[in-house]
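Undergrad:
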Amino acid sequence: MMTPKFQEAVFDEPVFQELWHAQVFALTVHLAQTGVFSWPDWAAGFGAVLAEHGLQKELNGGEDYFLAWVEALERLLAARGLAEAGDLGRLKSAWEAAYLATPHGQPVHLAPGD
Numbered sequence: 000m001m002t003p004k005f006q007e008a009v010f011d012e013p014v015f016q017e018l019w020h021a022q023v024f025a026l027t028v029h030l031a032q033t034g035v036f037s038w039p040d041w042a043a044g045f046g047a048v049l050a051e052h053g054l055q056k057e058l059n060g061g062e063d064y065f066l067a068w069v070e071a072l073e074r075l076l077a078a079r080g081l082a083e084a085g086d087l088g089r090l091k092s093a094w095e096a097a098y099l100a101t102p103h104g105q106p107v108h109l110a111p112g113d
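Residue numbering for the sequence shown follows numbering that gives the first Met the number 0, beginning at 0 and increasing consecutively.
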């Protein structure tokens with residue numbers, strides 16, 4: 000049997016506009032692949048969030064699109080009892096405080112217990 004040959008894709012522009020877009024995409028794929036949720040469940044939840052946002056936002060694969068992606072992931076994890084809405088809110092606040100306190104170009108670290 001012949002092994003198919005794959006041609007390396009060449010992109011003129013980055014596939015993701017921001018690193019965190021790629022990270023949340025990869026996290027979602029990993030969670031689906033490991034059985035935390037099914038891809039049809041993910042697609043239904045993400046589709047619902049996109050429909051809610053509708054024409055209010057520019058859902059072109061940029062910032063608004065991935066903010067909707069994060070919102071859908073948070074909802075799905077909360078619905079499965081894997082993340083509490085209050086915990087997510089506290090984590091977001093802690094992350095924002097750490098981000099704002101971090102000098103430009105340095106890695107952001109959360110304090111223990113955040």
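Glycine included, C-beta positions come from ideal geometry on N, C-alpha and C.
1) Put Gln16 into one of helix, strand or coil per three-state DSSP.
2) So, for Leu76: in the same chain, excluding its five sequence neighbours on each side, which residues have a beta-carbon less than 6 Å away from its beta-carbon?
3) When the Cα of Glu73 is compared with those of Gly61, Val48, Leu99 and Asp63, which residue comes out closest?
4) Please classify Trp41: is it buried, with 16 or more other beta-carbons within 10 angstroms of its beta-carbon, or exposed?
5) Between the Cα of Phe24 and those of Glu7, Phe45 and Ala78, spot the shortest distance and give me the residue it belongs to.
6) Specify, as a first and last residue, the run of the alpha helix (DSSP H) that Phe116 falls within.
TA: In this structure, then:
1) Here Gln16 sits in coil by DSSP.
2) Ala82
3) Val48
4) buried
5) Phe45
6) This structure does not reach residue 116, given that the chain is present from 0 up to 113, and the question cannot be answered.
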